[in-house]
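Input: a single structure, listed below in C-alpha cells.
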Amino acid sequence: MSEGILIVLSAPSGCGKTTILRQVMADLPGLSFSVSHTTRQPRPGEVNGRDYHFVSHEQFKAVRDQYGFLEWAEVHGNFYGTSRQEVDSRLAAGADVILDIDVQGAEQVRRNAQPVTVFIAPPSLTELERRLRGRGTENEESLRRRLTNAKKEMQAADAYTYLIVNDRLEQAVLELKSVIIAERCRRRRAVADAEHATV
Ligand code: ADP
Ligand code: 5GP
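Numbering (this note's numbering), first residue to last: -13 to 185.
Spelled out as C-alpha cells, the structure:
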C-alpha cells in the first residue's frame, strides 16, 4: 500500500474552512482529519477528541516535549499543535491526511515534508467580518484580533500550491474536492512510475 497524501489547509479565521472541509469529507472517502491539540476553550458544540484535543498549557507542553509536534504555533493568543505520531500512522495506513493549520504551521510542515498546500481566501475582508460576526463565537476582542491577523495571513497565500476563494460555498467545495482528486491521480502516476522502475 502506498503512503497517503499530506494536505495542508489554511485560511483566515471565519473564512469558511471548517464548513467546506465538513462537506468535502462527507463526499470523498479516504480522507482523515488530523485532530490538533489546543489550549483554546471549546466552543459550544465542539467535541473533545473530534474537533480538537482541548488541553491545558501544561498538558500542551508535556505533549510537545514528550512526543514532539510535527508543527506548533501560537495563533490568536492560544497554542495549537499537530501530533507527529498521529499524522505518520495515518499516512502509513494509506489515508490522505488533512491538516487544518495556520500559516506559521504550514511553513514548518513545508520544511519537514512535501505537503500539498491549499489556501482558502474570503471574497473580501468585509465579508470575512460578516461571517465571523454571524458565527457568533467570538467576543469583540477575539474578533478584532482575528480580523487583524487575517490581513497578515492573506499575505502568505502566495506560498501555497492552490488558492480557493470561498465566495459560493458549493463552488469552493467542488474546487477543494477537485484538488484532492487531481493530487490522487498524480500520486497514482508516481507510484506506477516507481513500480516500473523496479521491474
Ligand atoms: P472557519 O473554519 O474558516 O473559521 P467556519 O467554517 O466556521 O469558518 O465559517 C464561518 C461562518 O461563515 C459560518 O457561520 C459559516 O456558516 C459561514 N460560511 C462559510 N462559508 C460560507 C459561504 N461561502 N457563504 C456564506 N457564509 C459562509
Ligand atoms: P480556531 O480557534 O478558529 O479553531 O483556529 C484558529 C486558527 O488556528 C486557524 O487558522 C486554524 O487553522 C489554526 N490551527 C488549528 N489547529 C492548528 C494546529 O495544530 N497548528 C497550527 N499551527 N494552527 C492550527
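Idealized CB from N, CA, C, for every residue including glycine.
Are the CB atoms of G67 and S22 within a distance shorter than 9 angstroms? It is a contact, given that the beta carbons lie within the stated cut-off.
Does any heavy atom of ligand 2 sit closer than 8 angstroms to the C-beta of G188? As displayed, the chain neither begins before -13 nor continues past 185, which places residue 188 out of reach and without an answer.
Would you say the beta carbon of G54 is closer than 8 angstroms to some non-hydrogen atom of ligand 2? Flag unset: Cβ of G54 not near ligand 2.
If I follow the unbroken beta strand (DSSP E) through G67, where does it start and stop? Run containing G67: N64 to S69, per the beta strand (DSSP E) assignment.
On the premise that L118 lies in contact with L129, defined as a C-beta separation below 8 angstroms, what is that separation, rounded to the nearest angstrom? With a beta-carbon spacing of about 6 angstroms, L129 and L118 fall inside the 8 angstroms limit used to define contacts.
Would a C-beta distance cut-off of 9 angstroms place L7 and D86 closer than the cut-off? Yes, the Cβ-Cβ distance between L7 and D86 is below 9 angstroms.
Start and end of the beta strand (DSSP E) containing I(-7)? Start and end: L(-8) to S(-4).
Tell me whether L7 sits in a helix, a strand or coil according to DSSP, three-state version. Three-state DSSP puts L7 in a helix.
Over what stretch of residues does the alpha helix (DSSP H) that includes A59 continue unbroken? Per DSSP, A59 belongs to no alpha helix (DSSP H); it is in the beta strand (DSSP E), F55 to V61.
R132, buried or exposed, once every other Cβ within 10 Å from all chains shown has been counted against 16: By the neighbour-count rule (16 or more Cβ atoms within 10 Å), R132 is buried.
Using only the alpha-carbon positions, how far apart do V(-6) and A79 sit? Using only the alpha carbons, I get a separation of about 18 angstroms.
Is it the case that the CB of A143 approaches a heavy atom of ligand 2 more closely than 8 angstroms? No, the Cβ of A143 stays beyond 8 angstroms of every heavy atom of ligand 2.
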